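Student:
Residue numbers (the numbering used here), protein chains in the order written: chain P, 1 to 342; chain S, 1001 to 1342.
1. Strictly by DSSP, which residues pair up with residue 88/P?
2. Beta-carbon within less than 7 Å of residue 349/P's beta-carbon, same chain only, minus the 5 sequence neighbours each way: which residues are those?
3. Is there a Cβ from chain S that is less than 9 Å from the Cβ of residue 165/P?
4. Between 1219/S, 1297/S, 1031/S, which has its C-alpha nearest residue 214/P's C-alpha?
5. Residue 281/P and residue 13/P - do their beta-carbons sit closer together than 9 Å?
6. Helix, strand or coil: how does DSSP classify residue 342/P here?
7. Which of the three DSSP states is assigned to residue 1280/S in this structure?
8. Answer with yes or no whether the minimum CB distance from residue 28/P to chain S is below 9 Å.
9. Could you tell me whether any Cβ in chain P is nearer than 9 Å to the Cβ of residue 1359/S?
10. In this structure, how does DSSP classify residue 1287/S when only helix, strand and coil are distinguished?
11. Scan the region 1280–1304 of chain S for residues whose Cβ lies nearer than 8 Å to a Cβ of chain P and list them as they occur along the chain.
12. Inspect the beta-carbon positions of residue 402/P and residue 244/P and report whether they are closer than 9 Å.
13. In this structure, does DSSP put residue 252/P in helix, strand or coil?
14. Between the alpha carbons of residue 36/P and residue 1073/S, how many angstroms are there, rounded?
15. For a quick check, are the C-beta atoms of residue 305/P and residue 270/P less than 9 Å apart?
16. Return the residue from the list 1250/S, 1319/S, 1285/S that minimises the CA-CA distance to residue 1273/S.
17. At a CB-CB cut-off below 7 Å, which residues of chain P make contact with residue 1262/S?
18. Confirm, please, whether the CB-CB distance from residue 1122/S to residue 1196/S is below 9 Å.
19. Helix, strand or coil for residue 1178/S, going by three-state DSSP, please let me know.
20. Measuring only the C-alpha atoms, how far is residue 352/P from residue 1314/S?
21. Could you tell me which chain P residues have their CB closer than 9 Å to the CB of residue 1159/S, listed as they occur along the chain?
22. Output, in chain order, the set of chain P residues within a Cβ distance shorter than 8 Å of residue 1170/S.
23. Span of the alpha helix (DSSP H) holding residue 7/P?
24. Looking at the unbroken alpha helix (DSSP H) that takes in residue 123/P, where does it start and where does it end?
25. Is there a Cβ from chain S that is less than 9 Å from the Cβ of residue 162/P?
26. So residue 1245/S contacts chain P; which residues on that side make the cut at Cβ distance below 9 Å?
27. Thinking C-beta only, is residue 217/P closer than 9 Å to residue 246/P?
28. Among residues of its own chain, excluding the 5 on either side of residue 1134/S, which ones have a beta-carbon nearer than 7 Å to its beta-carbon?
29. Determine the direct distance from the alpha carbon of residue 332/P to that of residue 1293/S, and round the result to whole angstroms.
30. Is the Cβ-Cβ distance between residue 79/P and residue 182/P less than 9 Å?
31. Going by the beta-carbon positions, is the gap between residue 118/P and residue 82/P smaller than 9 Å?
32. Closer than 9 Å, CB to CB, is residue 209/P near chain S or not?
33. How many Å lie between residue 1235/S and residue 1115/S at the Cα?
34. Flag this pair as yes or no: are the beta carbons of residue 1209/S and residue 263/P separated by less than 9 Å?
35. Can you look up residue 1328/S in the DSSP assignment and give me helix, strand or coil?
36. From residue 266/P to residue 241/P, what distance separates their C-alpha atoms?
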């Protein structure tokens, strides 16, 4: 049914004629075409909540960069908002929550959502699917519970998330209650995405790296497991940024794919994650280099991952100031590469 | 000569009667006594440049917390300043450089320093040594070349240091020239610290974690090695925050001690760093917990590291909002613990 299903076949562990490629934040500021839509929409959250705008920028990188998958343009923080914690995007600061969770009383003011408050995402998915016309798979996504918890407790981005971590130590019961509410909401929300037509789900645990291995098992992996166990009809990817220490634990989950950041050695990760297809892991800063270096290091990465079980991507989202032509060179290099030819 | 030389004996690999303990950022805002001096001095940089203030706050944690070592109150960014790049500490933002390094012309405007511009640190060390009266060892320190490079190119703190990393890709020759200038200055500077009386040197590679393993070897380890090879009269510690991937490389350096952050599994680190004494690695957020949890998890850490080859510390600096009494409980727990008794 899909004209290009390389990503899905690779995610399911099948051998494919070449390595599929897409980019985290491919629908983003690196494309002048995205910036034009954003100016027209009036802002980031306005784009997220408007299915026409969201569908348009979701499809842009498929057309402009030639990637093998689209990922629905949205934000992980729509889940806290659906649960009763709205947020704003503040220029040069990022997300900011007026209300945060610190006590049982705060918890009583939020609720488990069935996803109905986030219907605009399902609408954007349905419209994108129609306009994509089966060209490539559409990826849906959600934040992992720990990462959403971190924002809901801290109230904003942080280098250390020390306030969020403090709650794990001072009131683990409350922390588990909140994590369970986030998990239940996320499962319901992902099911609305699947029903609307996404072909694969990626969980982003963006702040995995601030936890100790013991805390990560208790406060993150346990909840990711509930989600990957609950999503059985489409393949799933877990990207736990910075959680090098959790690779053996991630290998035991029922997800199909694990994302790697650029810190993680490829050969070592192939051993620790032997059950999983791997996604990643070029340094986004590689795309600042000259063309010869981009091609050479991208080909080295493809060689190191090998001919199967790999989805090419960066180890993090694209940085907004990268040049579109260099981003496209990365995509083109992956698409031109044939394993065994070098 | 020192009344308490536990830290030095442990750093040299000798067995000791108990595990020594000190804390990164122990001379800092967690102590009300420090905040009083800072208010009196007028600011952070003013304290750094005034030997009386610096000596006073250096000794405070020895008296107040009972730690087994003092660490000279200073800042890693005095080295860029000595080379010709002055900086300011901006409230809620951190360090900020008016001029940064981007081109060969920028490099021509700075110089390798012999440490004479930073004589106030040697003066603070001499005064601290006198006032400490041989109570405990005094630790000197410097930033690792990559971390100083990151600030000198980026101009301020950053989550990604993408501008600094960009230079590694776009002009590696210039990057190596700057790293060599920083390294030469750092060796001269550390020698002034040793001459003034410090008993051990710690190198802080605070931004190690943003590099790929390959880049870390090329742009950081090579320069750390020059420094640890040049410092032969006192023991040396390397703390490369986030460089989990570099543990096997760090094990080959001539340093005595390697610092671990709280992400790094203790048992695994003991294998990867078999030649080294290890320092760390409690999560600073543990000190937000109740007293029973602090004692229990600190004792677990001590048990896991074992009776020798370990210097107790956190895996990062103290956070300013921690309670002094809980910080002291961590120190007291280490000092009361006897291996084999539990």
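Positions of the beta carbon are idealized from the N, C-alpha and C atoms, including for glycine.
Source: prediction; values computed, not measured.
Tutor: In brief:
1. If you number the first chain from 1, residue 88/P lands on position 88. Bridge partners of residue 88/P: 96/P.
2. As shown, chain P starts at 1 and ends at 342. That puts residue 349/P outside it, with no answer to give.
3. Translated into positions along the first chain, residue 165/P becomes position 165. True, the Cβ-Cβ gap to chain S drops below 9 Å.
4. Indexing the first chain from 1 puts residue 214/P at position 214. Taking only the C-alpha atoms, the option nearest residue 214/P is 1297/S.
5. The residue labelled residue 13/P in the question sits at position 13 within the first chain. The residue labelled residue 281/P in the question sits at position 281 within the first chain. The answer is no: Cβ separation not under 9 Å.
6. Your numbering for residue 342/P matches position 342 in the first chain. Only weak support is given to the placement of residue 342/P: the predicted model assigns it a pLDDT of 47, under 50, and the question is left unresolved by the model.
7. Position 280 of the second chain, counted from the start, is the residue given in the question as residue 1280/S. It is a strand residue.
8. By 1-based counting over the first chain, the position of residue 28/P is 28. No - not a single Cβ of chain S is within 9 Å of the one on residue 28/P.
9. The structure shown does not extend to residue 1359/S, since chain S spans only 1001 to 1342, so no value can be given for it.
10. By one-based count along the second chain, residue 1287/S stands at place 287. Helix.
11. 1283, 1284, 1285, 1286, 1288, 1289, 1290, 1293
12. The structure shown does not extend to residue 402/P, since chain P spans only 1 to 342, so no value can be given for it.
13. Residue 252/P sits at position 252 when you count from the first residue of the first chain. Here residue 252/P sits in coil by DSSP.
14. In the first chain, counting from the first residue as 1, residue 36/P sits at position 36. In the second chain, counting from the first residue as 1, residue 1073/S sits at position 73. Looking at the two C-alpha atoms, the distance is approximately 50 Å.
15. By 1-based counting over the first chain, the position of residue 305/P is 305. By 1-based counting over the first chain, the position of residue 270/P is 270. Yes, the Cβ-Cβ distance between residue 305/P and residue 270/P is below 9 Å.
16. The residue you call residue 1273/S lines up with position 273 of the second chain. Measuring from the Cα of residue 1273/S, the nearest candidate turns out to be 1250/S.
17. Locating residue 1262/S in the second chain gives position 262, counting from the first residue. What residue 1262/S touches in chain P: 212.
18. By one-based count along the second chain, residue 1196/S stands at place 196. By one-based count along the second chain, residue 1122/S stands at place 122. Cβ atoms of residue 1196/S and residue 1122/S: closer than 9 Å.
19. Within the second chain, the letter at position 178 stands for residue 1178/S. If DSSP states are grouped into helix, strand and coil, residue 1178/S belongs with the helices.
20. The question about residue 352/P has no answer, for chain P in this structure spans 1 to 342.
21. Counting from 1 along the second chain, the entry for residue 1159/S is found at position 159. Chain P residues near residue 1159/S: 157, 159.
22. For the purposes of this step, residue 1170/S is taken as residue 170 along the second chain, with counting starting at 1. Residues of chain P passing the Cβ test: 288, 289, 290.
23. Position 7 of the first chain, counting from 1, holds the residue named residue 7/P. Note, residue 7/P: alpha helix (DSSP H), 6–11.
24. By one-based count along the first chain, residue 123/P stands at place 123. 119–132 is the extent of the alpha helix (DSSP H) around residue 123/P.
25. Looking up residue 162/P in the first chain gives position 162. Yes, because at least one Cβ of chain S sits closer than 9 Å to the Cβ of residue 162/P.
26. As a working mapping, residue 1245/S is identified with position 245 in the second chain. Ordered by position in chain P, the residues that pass the 9 Å Cβ test against residue 1245/S are 244, 263, 264, 265, 268.
27. Along the first chain, read from residue 1 onward, the residue named residue 246/P stands at position 246. Along the first chain, read from residue 1 onward, the residue named residue 217/P stands at position 217. Going by C-beta atoms, residue 246/P is nearer than 9 Å to residue 217/P.
28. Along the second chain, read from residue 1 onward, the residue named residue 1134/S stands at position 134. The answer, listed in chain order, is 1001, 1002, 1003.
29. Counting from one through the second chain, the residue named residue 1293/S turns up at place 293. Counting from one through the first chain, the residue named residue 332/P turns up at place 332. Taking the straight line from one Cα to the other gives about 53 Å.
30. Locating residue 79/P in the first chain gives position 79, counting from the first residue. Locating residue 182/P in the first chain gives position 182, counting from the first residue. Against a cut-off of 9 Å, the Cβ pair of residue 182/P and residue 79/P comes out as a contact.
31. Along the first chain, one-based indexing puts residue 118/P at 118. Along the first chain, one-based indexing puts residue 82/P at 82. Contact: yes.
32. The residue labelled residue 209/P in the question sits at position 209 within the first chain. Yes, residue 209/P counts as interfacial toward chain S.
33. Here residue 1235/S refers to the residue found at position 235 when the second chain is read from its first residue. Here residue 1115/S refers to the residue found at position 115 when the second chain is read from its first residue. If you take the alpha carbons of residue 1235/S and residue 1115/S, they lie about 20 Å apart.
34. Taking the second chain and counting its residues from 1, the one referred to as residue 1209/S is at position 209. Taking the first chain and counting its residues from 1, the one referred to as residue 263/P is at position 263. For residue 1209/S and residue 263/P, yes; Cβs fall inside 9 Å.
35. Taking the second chain and counting its residues from 1, one reaches residue 1328/S at position 328. Looking at residue 1328/S - three-state DSSP - the assignment turns out to be helix.
36. One-based indexing of the first chain puts residue 266/P at position 266. One-based indexing of the first chain puts residue 241/P at position 241. C-alpha separation (whole angstroms): 15 Å.
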